[in-house]
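Residue numbers for the sequence shown follow UniProt numbering, beginning at 293 and rising by one. Ideal placement from N, C-alpha and C gives every residue a C-beta, glycine not left out. All of these numbers come straight from a predicted model, not from anything done at the bench. Working notes, structure below.
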Amino acid sequence: EGVAPQDYTALKLKVKDWAPDAAKIVQGKIPDSANVYFVPATLRPETMYGQTCCFVGPKIKYGVFKVSESDYYVVTKRAAWNMAFQGTFFKSDQFPRTADELVPVVELTGSSVVGTLVSAPLSIHKNGVRILPMDSVLPTKGTGVVTSVPSDSPDDFATITDLAKKADYYGIKKEWAELEIPPIIDTPSYGNLTAPFLVKKMKINSPKDAKQLAEAKDLAYKEGYYKGTMLVGDFKGQSVETAKPKVKEALIKSGEAFEYAE
Ligand code: A2H
Numbered sequence: 293e294g295v296a297p298q299d300y301t302a303l304k305l306k307v308k309d310w311a312p313d314a315a316k317i318v319q320g321k322i323p324d325s326a327n328v329y330f331v332p333a334t335l336r337p338e339t340m341y342g343q344t345c346c347f348v349g350p351k352i353k354y355g356v357f358k359v360s361e362s363d364y365y366v367v368t369k370r371a372a373w374n375m376a377f378q379g380t381f382f383k384s385d386q387f388p389r390t391a392d393e394l395v396p397v398v399e400l401t402g403s404s405v406v407g408t409l410v411s412a413p414l415s416i417h418k419n420g421v422r423i424l425p426m427d428s429v430l431p432t433k434g435t436g437v438v439t440s441v442p443s444d445s446p447d448d449f450a451t452i453t454d455l456a457k458k459a460d461y462y463g464i465k466k467e468w469a470e471l472e473i474p475p476i477i478d479t480p481s482y483g484n485l486t487a488p489f490l491v492k493k494m495k496i497n498s499p500k501d502a503k504q505l506a507e508a509k510d511l512a513y514k515e516g517y518y519k520g521t522m523l524v525g526d527f528k529g530q531s532v533e534t535a536k537p538k539v540k541e542a543l544i545k546s547g548e549a550f551e552y553a554e
């Protein structure tokens with residue numbers, strides 16, 4: 293990290309229904325009419341059709357930051373600080389001068405938002421997806437929020453498999469982790485569900501198999517990017533390499549995403 297800048301797509305997942313714990317915390321702090329968004333940072337905008345949930349780190353502290361009269365973002369303070377200098381919060385002549393000027397309206401721990409229902413742009417799951425816990429989310433990368441695409445991300449597939457297996461332990465409803473996983477990208481080597489294919493083939497049994505998951509992630513990324521073909525959406529039939537910037541541009545144009553770099 294810190295060598296070359298990463299250009300992420302920051303996606304806006306709008307809160308439809310807060311989890312009970314989170315609802316109590318935000319009550320009176322955010323107007324009922326406000327739009328509140330969880331904002332995951334992704335390097336794979338072309339896969340967003342396949343979102344089935346969105347992850348937070350259960351122990352990570354998030355802030356709810358006011359970005360306009362009507363809109364609020366849920367991200368780590370670190371990410372909000374970066375965004376403040378990329379024109380997301382203020383015009384460039386109004387950059388905050390000290391961290392104190394970028395104060396969240398309320399703070400939330402990841403565990404309190406688990407179960408929140410959000411709408412995920414482009415996802416086939418039009419009724420929304422749930423916020424779920426992922427222990428491997430790093431507080432020091434992206435926004436600390438990670439949208440889950442189990443068809444194409446081995447980490448995401450390993451995590452939802454574990455969540456479904458141990459739903460009671462995690463304090464979630466099993467069905468929240470069992471939404472249909474639609475094929476998004478076809479590849480010559482791994483078929484149209486790259487991540488489940490690799491996780492099974494490599495016998496990865498847990499989201500804690502970090503070394504194997506890193507290898508699977510690398511294989512999935514290269515195969516998908518250089519050899520993948522889109523199976524869904526406006527750019528169906530096109531190569532992933534071609535479709536990726538187009539999906540990103542469309543999401544930004546529709547106001548459902550913005551650029552985020554760090
Ligand atoms: B990617 P890089 Cl389909 N902690 O999005 C852990 N992981 C994080 C994170 C954090 N704080 N912030 C972002 N990420 C994930 C989609 C995806 C991603 C697919 C396939 C691979 C993939 C759906 N999840 O990432 O270290 C996000 O997951 C593998 C490269 O900055 C983000 O893109 O390169 C990616 O890691 C950024 O990782």
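Item	Value
Using the three-state DSSP reduction, which class does Gly355 fall into: helix, strand or coil?	strand
Does the beta-carbon of residue 561 have 16 or more other beta-carbons within 10 angstroms, so that it is buried, or is it exposed?	Summary: the structure shown does not reach residue 561, with the chain confined to residues 293 through 554, and so no result is reported for it.
At what residues does the alpha helix (DSSP H) containing Ser403 begin and finish?	Gly402 to Val405
Just checking Leu444 against the ligand A2H - is the residue's beta carbon closer than 7 angstroms to any of the ligand's heavy atoms?	Note on identity: in this sequence residue 444 is Asp, with Leu being the wrong assignment. It does: the Cβ of Asp444 is within 7 angstroms (strictly closer) of some heavy atom of the ligand A2H.
Using a threshold of 8 angstroms, state whether the C-beta atoms of Pro413 and Leu505 are closer than that.	no
Just mark Pro312 as buried or exposed, buried being the case when its beta carbon has 16 or more other beta carbons within 10 Å.	exposed
Mind checking Ala296: buried by the 16 CB within 10 Å criterion, or exposed?	exposed
Going by DSSP, what residues sit across from Leu485 in a beta bridge?	Paired residue(s): none; Leu485 is not in a bridge.
Between Trp310 and Thr408, which are expected to be in contact by the criterion C-beta below 8 angstroms, what is the C-beta distance as a whole number of angstroms?	5 angstroms
Mapping DSSP to helix, strand and coil, what is Arg422?	strand
Excluding five sequence neighbours on each side, which residues of the same chain lie with their C-beta closer than 6 angstroms to the C-beta of Thr451?	Met426 and Pro499
Helix, strand or coil for Glu399 per DSSP?	strand
How long is the line joining the alpha carbons of Ala508 and Asn497, rounded to whole angstroms?	13 angstroms
Bridge partners for Ile476 per DSSP, in chain order?	Partner(s): none; Ile476 has no beta bridge.
Please work out which residues of its chain come closer than 8 angstroms, Cβ to Cβ, to Ser481, disregarding the five sequence neighbours upstream and downstream, and give them in chain order.	Glu515 and Lys519
Tell me, to the nearest whole angstrom, how far the beta carbon of Pro474 is from that of Ser428; I am working on the premise that it is less than 8 angstroms.	Actually they do not touch by this definition, with Cβ atoms about 24 angstroms apart.
To test your reading of the DSSP string, which unbroken alpha helix (DSSP H) runs of 4 or more residues are found completely within the region 297-355?	312-318
With burial defined as no fewer than 16 other Cβ atoms inside 10 Å of the residue's Cβ, what is the status of Glu361: buried or exposed?	exposed
If you follow the alpha helix (DSSP H) that Val539 is in, where does it begin and where does it stop?	Val532 to Lys545
Starting from the C-beta of Leu455, find all residues in its chain whose C-beta is less than 7 angstroms away, skip the five residues before and the five after it, and write them out in chain order.	Leu424, Tyr462, Ile464 and Ala469
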